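What follows is a short report on a single structure.
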Amino acid sequence: MTSVNKSQKFAAEIGVRLFLFVFFYISDDATPYFRKIQPEEFWLYRYPRTPSYYPGYLLWITILGVPTIVATIYFIKYRDKTDWQQAILGVVLSIYLTASITNCIKLAVGRPRPDFLERCFPDGKINNELKCKGHAADVIQGYKSFPSGHSSFAFSSFGYVALYIAGKCQCFTLKGRGHAYKLCMVVIPLVWATLIAASRTADFHHHWQDVIVGSILGLVISYICYRQYYPSVYRSNCHIPYISDNTSRDIELQLIKDHINMA
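Per this note's numbering, numbering of the sequence shown is gapless, rising by one per residue and ending at 270.
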């Protein structure tokens, strides 16, 4: 691949991520479907409104910062710029693809949060017609319970980090098995993501179904995005990104061809 083609491909990769970021940003403020709530369902949405145990700003710092730190640590160790680039491209794609899909589902489903009635009726006086008296922005956010964004975002990032560490440590290959510390390094990001997801039920921002579906969504997309740039963690070359492995093979093939021609 020529340098021009590489530049064009890289520009296209960046363009896709910028598009996903803009789509996520716009859809985050969009108005969802207002699902009709029946009086017999009120008990599901009567929970008190509380601050997030894991605030949104902290979530974004960790899901973007942790993968960057992990990839940078391996860059310092191996001095592989290509690997660092592929790692960052993959995790950013995972996060913003997950974010975009999550927002689309939120807007389509419009499930009320557990604290919806307090958002809708801050004075505690509920009417059966559900004519909300609360702040419009709070009410709109109150219809965005399913799936949990914190859960899907956390697993889209930390799921990717777990796979990346597993590949770098070759944790699941014949060479790397039998080392407890490697397995712990892989599990820690997943535990972190699980705690973030679980906190969303503890602070009454989401129902348990929202958290489970969001977690699965983030984990699945993290795996799909990881495999776009790296081999399976069970393969012996799992620590090498596809682009580096392909480049090495191209060089080897060219050397073989040159040797044949010289002969």
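Don't be surprised by glycine CBs; every beta carbon is placed ideally from N, CA and C.
These numbers were taken from a predicted model, which means no experiment stands behind them.
Three or more C-beta pairs closer than 8 Å, one from the stretch 137-146 and one from the stretch 65-80: is that the case here?
Counting C-beta pairs closer than 8 Å gives fewer than three between the stretch 137-146 and the stretch 65-80, which falls short of the contact rule.
Beta-carbon gap between Thr89 and Ile250 smaller than 9 Å:
On the sequence shown, position 82 is the one that residue 89 refers to. On the sequence shown, position 243 is the one that residue 250 refers to. At the C-beta level, Thr89 and Ile250 come within 9 Å of one another.
Drop a sphere of 10 angstroms on the beta-carbon of Leu124, count the other beta-carbons inside from all chains shown, and report buried for 16 or more, exposed for fewer.
On the sequence shown, residue 124 is found 117 positions in, with the first residue counted as 1. Leu124 is buried by the Cβ-count criterion.
Consult DSSP for Ser161 and reduce its assignment to one of helix, strand or coil.
Taking the sequence shown and counting its residues from 1, one reaches residue 161 at position 154. Here the sequence assigns Ala to residue 161, which means Ser is not the residue at that position. In the three-state reduction of the DSSP assignment, Ala161 falls in the helix class, which pools H, G and I.
If you draw a straight line from the C-alpha of Gly117 to the C-alpha of Pro39, how long is it?
As a first step, residue 117 must be located in the sequence shown, where it is residue number 110. As a first step, residue 39 must be located in the sequence shown, where it is residue number 32. Within the model, the alpha-carbon separation for Gly117 versus Pro39 is close to 5 Å.
State the CB to CB distance for the pair Leu291 and Tyr236, rounded to an integer number of angstroms; the pair is presumed to be in contact (CB under 8 Å).
In the structure as shown, the chain starts at 8 and stops at 270, and residue 291 therefore has no counterpart that could be examined.
N-terminal and C-terminal residue of the alpha helix (DSSP H) that Lys189 is part of:
Translated into the one-based positions of the sequence shown, residue 189 becomes position 182. Unbroken alpha helix (DSSP H) run through Lys189: Ala187 to Ala209.
Where does Glu136 fall in DSSP's three states?
The residue given as residue 136 occupies position 129 in the sequence shown. The DSSP-derived three-state label of Glu136 is coil.
Give, in chain order, every unbroken run of the beta strand (DSSP E) that is at least 3 residues long and sits entirely within the stretch 48-125.
As for any beta strand (DSSP E) of minimum length 3 sitting wholly inside the stretch 48-125, there is none.
Restricting to Cα atoms, I'd like to know which of Arg56, Ser164, Ala169 and Lys113 is closest to Pro129.
If you number the sequence shown from 1, residue 129 lands on position 122. The shortest C-alpha separation from Pro129 is found at Arg56.
Spatial neighbours of Arg126 within its chain, please: CB distance less than 6 Å, with the 5 preceding and 5 following residues excluded, ordered by chain position.
Residue 126 sits at position 119 when you count from the first residue of the sequence shown. By the criterion of a C-beta distance shorter than 6 Å, Arg126 is surrounded in its chain by Gly141, Asp145, Val146 and Gly149, once the five residues flanking it on both sides are discounted.
For Asp217, is the classification buried or exposed, using 16 other Cβ atoms within 10 angstroms of its Cβ as the cut-off for buried?
Taking the sequence shown and counting its residues from 1, the one referred to as residue 217 is at position 210. Flag for Asp217 reads buried.
DSSP three-state label for Asn244, please.
Position 237 of the sequence shown holds residue 244. In this structure, DSSP gives Asn244 a state outside helix and strand, which the three-state scheme calls coil.
Inter-residue spacing [alpha-carbon to alpha-carbon] between Lys182 and Ser243
Within the sequence shown, residue 182 is the residue found at index 175, counting from 1. Within the sequence shown, residue 243 is the residue found at index 236, counting from 1. One Cα belongs to Lys182, the other to Ser243, and the distance between them is close to 8 Å.
Cβ separation of Pro154 and Ile112, assumed to be a contact under 8 Å, to the nearest whole Å
Here residue 154 corresponds to residue number 147 of the sequence shown, with the count starting at 1. Here residue 112 corresponds to residue number 105 of the sequence shown, with the count starting at 1. Confirmed, about 6 Å.
Note down the Cα distance separating Ile172 from Ala78, rounded to an integer number of angstroms.
Within the sequence shown, numbered from 1, the residue matching residue 172 stands at position 165. Within the sequence shown, numbered from 1, the residue matching residue 78 stands at position 71. Distance between the alpha carbons of Ile172 and Ala78 is about 9 Å.
For Phe174, which residues in the same chain have their Cβ closer than 7 Å to its Cβ, ignoring the five residues on either side in sequence?
By 1-based counting over the sequence shown, the position of residue 174 is 167. Reading off the sequence shown, one finds Gly at residue 174, where the question assumed Phe. Correct list, in chain order: Tyr237, Val240, Cys245 and His246.
Ser155 - DSSP class collapsed to helix/strand/coil
On the sequence shown, position 148 is the one that residue 155 refers to. Residue state, collapsed to three classes: coil.
Does the stretch 204-224 come close enough to the stretch 97-109 to have 3 or more Cβ pairs within less than 8 Å?
The stretch 204-224, when compared against the stretch 97-109, does touch it at the 8 Å Cβ threshold.
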